[in-house]
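Below: one structure, written as structure tokens.
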Amino acid sequence: AGLHPIGDAAARTRVSDDPIIALQQLPAAGLMQVFFTLMCLEYMFTFVAPAPKDKPWDTLGMSEIVADEEKPSYKRLHLQEINNGRLAMIGIIGLIAGEVMTGDYFASVKNLCILAAAAPGGGGAGYFT
Numbered sequence: 452a453g454l455h456p457i458g459d460a461a462a463r464t465r466v467s468d469d470p471i472i473a474l475q476q477l478p479a480a481g482l483m484q485v486f487f488t489l490m491c492l493e494y495m496f497t498f499v500a501p502a503p504k505d506k507p508w509d510t511l512g513m514s515e516i517v518a519d520e521e522k523p524s525y526k527r528l529h530l531q532e533i534n535n536g537r538l539a540m541i542g543i544i545g546l547i548a549g550e551v552m553t554g555d556y557f558a559s560v561k562n563l564c565i566l567a568a569a570a571p572g573g574g575g576a577g578y579f580t
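Numbering-wise, the numbering used here puts 569 at position 118 of the sequence shown, and it's gapless, one number per residue.
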């Protein structure tokens, strides 16, 4: 079990490291706050400050700041950012699939953690066991 000083104090119990169990430990009021915040953000970006029709991906209006979107270096950086995002999505799907199939993904990752050697007892002992 990991160390969750804020989460443990707010929940007044030991919060699980398993995200599914931690979600079940979340009180209904907390879950409603998360969904309400997401709904407010969705409403804001859909009705209050909608994206331009010609650039629907630009929800924050950053295209006005960019000097020249046709510049080759900007296009190269834009393509790199898109590819990094795609790679991150593939990576998180792999992590989720590993957790679902084996159920012990985080048990093997804790030994690779940099803080595991510095934890009390060293070598993965202490907070990471």
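Note that beta-carbon positions come from the ideal geometry of N, C-alpha and C, so glycine has one too. All of these numbers come straight from a predicted model, not from anything done at the bench.
Look at R527 here: in three-state DSSP terms it is helix. By the beta-carbon neighbour count (other beta carbons within 10 angstroms, threshold 16), V551 is exposed. If you ignore the 5 residues before and after V466, its C-beta comes within less than 7 Å of the C-beta of H455, G458, D459, A473 and Q476, all in its own chain and listed in chain order. Between G512 and P523, the gap from beta carbon to beta carbon reaches 9 Å or more. When rounded, the separation of the alpha-carbon atoms in P478 and G542 is 30 Å. For I516, no alpha helix (DSSP H) run applies, since DSSP gives it neither H nor E. Its chain contains F496 and A502 as the residues whose beta carbon lies nearer than 7 Å to that of T510, once the 5 sequence neighbours on both sides are disregarded; these appear in chain order. DSSP places V551 in the helix class (H, G or I) of the three-state scheme.
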